[in-house]
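Colleague: Under numbering that gives the first Met the number 0, residue 234 is the last one in the sequence shown; the count climbs by one each step, no gaps. We put the CB at the ideal spot given by N, CA and C, even for glycine.
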Amino acid sequence: MNRIEMKNKAKETIKGKVFFSFIVILLYGLIMGLPDMLIPISGSREAAFAGIGSLIAAVLGIFLIPVRFGVAQYFHDISNGREGRIDGFLAPYKEKFWEEMIKARLLATIYTILGMICFIIPGIFMALKYSQIEYCFLDNKQIKYKEAMSRSAEIMKNNKMDLFVLYLSFFGWMLLIPLTLGVLAIFVGPYMEAAMIQFFYAKSGSIPSSEPEVVVIEEISPAKEEKKDDSDFWK
Numbered sequence: 000m001n002r003i004e005m006k007n008k009a010k011e012t013i014k015g016k017v018f019f020s021f022i023v024i025l026l027y028g029l030i031m032g033l034p035d036m037l038i039p040i041s042g043s044r045e046a047a048f049a050g051i052g053s054l055i056a057a058v059l060g061i062f063l064i065p066v067r068f069g070v071a072q073y074f075h076d077i078s079n080g081r082e083g084r085i086d087g088f089l090a091p092y093k094e095k096f097w098e099e100m101i102k103a104r105l106l107a108t109i110y111t112i113l114g115m116i117c118f119i120i121p122g123i124f125m126a127l128k129y130s131q132i133e134y135c136f137l138d139n140k141q142i143k144y145k146e147a148m149s150r151s152a153e154i155m156k157n158n159k160m161d162l163f164v165l166y167l168s169f170f171g172w173m174l175l176i177p178l179t180l181g182v183l184a185i186f187v188g189p190y191m192e193a194a195m196i197q198f199f200y201a202k203s204g205s206i207p208s209s210e211p212e213v214v215v216i217e218e219i220s221p222a223k224e225e226k227k228d229d230s231d232f233w234k
């Protein structure tokens, strides 16, 4: 599947679901914005307590890292013909894999920051290398953080430029968002997310069936069953 096919599939995925898909992305943004709301609170207090809000915000920000899985889960569901739900935001905490997600994303972020310090290109390289971490948990929620990072790196081997170009292909859309006073973001956000999950499917080979397997059980009449038993007797 090439880039154009991914984007066409993404458009098909969000057809009739654009607004609710945008609500899911907006909800994610609001949740991740909670830590930033605590920082101004600390600034209004005495100097001795000024850093408490920032510390709490940092800890909360780390704890909320797995919330990103909810967005991945939602677009994974609608991409496979299932009803998209928002309870995926809580899945990492309910199903006890939030710690592994935090470890994987924190370590990937550290590598990316170190790459940026050395030079911008290594930082971009690291960001692309570990871009599939959250999606890896879709296949196996019991996966450990090292496995998730290794799988992301394996998926992105020789595919980093493809993802980079896919990101760039949305640049024009991004420029149009301010011109529409943000209204176009209602479409662009879901469009991008749906395209990213298609990229994961294409490069990982992890494309689940959109329909459950139907097992047809043939009803055997008593006459047929008796005949079958007689024939088996002479074998």
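Just mark P177 as buried or exposed, buried being the case when its beta carbon has 16 or more other beta carbons within 10 Å.
Modeller: Classification for P177: exposed.
Colleague: Would you please state the rounded distance, in angstroms, between the beta carbons of S78 and T12? I believe it to be under 8 Å.
Modeller: Right, the Cβ-Cβ distance comes to about 5 Å (below 8 Å), so this counts as a contact.
Colleague: Could you check what DSSP says for Q72 in three-state terms: helix, strand or coil?
Modeller: If DSSP states are grouped into helix, strand and coil, Q72 belongs with the helices.
Colleague: Which of helix, strand or coil does DSSP assign to K95?
Modeller: Residue state, collapsed to three classes: coil.
Colleague: How would you call C135, buried or exposed, if buried means at least 16 neighbouring beta carbons within 10 angstroms?
Modeller: Its Cβ being crowded by 16 or more others within 10 Å, C135 is buried.
Colleague: Starting from I119, follow the alpha helix (DSSP H) in both directions and report where the run begins and ends.
Modeller: Its alpha helix (DSSP H) spans residues 119 to 128.
Colleague: Do you know whose CA, among V70, L105, N1, lies nearest L89's CA?
Modeller: Looking at the Cα atoms, V70 is the closest of the given residues.
Colleague: Comparing C-alpha positions only, which one of P91, I112, S151, G83 sits nearest to I123?
Modeller: Checked all of P91, I112, S151, G83; the closest Cα to I123 is I112.
Colleague: Taking the alpha carbon of K159 as the point to measure from, which residue in N7, F198, E4, L29 has its own alpha carbon closest?
Modeller: Out of N7, F198, E4, L29, F198 has the C-alpha closest to the C-alpha of K159.
Colleague: Between K102 and chain B, is there a C-beta pair that is closer than 8 Å?
Modeller: Among the protein chains of the structure shown there is no chain B, as only one such chain exists.
Colleague: What separation, rounded to the nearest whole angstrom, lies between the Cα atoms of V215 and E82?
Modeller: Interpretation of V215 is limited by its pLDDT of 40, a score under 50 that renders its predicted location unreliable; the figure taken from the coordinates is listed afterwards. One C-alpha to the other measures close to 25 Å.
Colleague: Using CA atoms only, rank isn't needed, just tell me which of I55, M0, P65 is closest to G28.
Modeller: The candidate whose alpha carbon is nearest that of G28 is P65.
Colleague: Terminal residues of the continuous alpha helix (DSSP H) containing S20?
Modeller: Segment 17 to 31, the alpha helix (DSSP H) holding S20.
Colleague: Where do the N-terminal and C-terminal ends of the alpha helix (DSSP H) with T179 fall, by residue?
Modeller: No alpha helix (DSSP H) contains T179, which DSSP labels as neither H nor E.
Colleague: For R67, collect the residues of the same chain with a Cβ closer than 6 Å to its Cβ; drop the 5 residues on either side in sequence, then sort them by chain order.
Modeller: Correct list, in chain order: E133.
Colleague: Does K143 come out as helix, strand or coil in the three-state DSSP assignment?
Modeller: The answer is coil: DSSP assigns K143 none of H, G, I, E or B.
Colleague: For G188, is the classification buried or exposed, using 16 other Cβ atoms within 10 angstroms of its Cβ as the cut-off for buried?
Modeller: Under this definition G188 is a buried residue.
Colleague: Within 10 Å of its beta-carbon, does E4 have 16 or more other beta-carbons around it, so buried, or fewer, so exposed?
Modeller: Exposed, because fewer than 16 other Cβ atoms sit within 10 Å of the Cβ of E4.
Colleague: Do you know offhand how far A103's Cα is from S130's?
Modeller: Computed Cα separation, rounded: 11 Å.
Colleague: How long is the line joining the alpha carbons of I290 and I61, rounded to whole angstroms?
Modeller: The requested residue 290 does not occur in the structure, where the chain is confined to residues 0 to 234.
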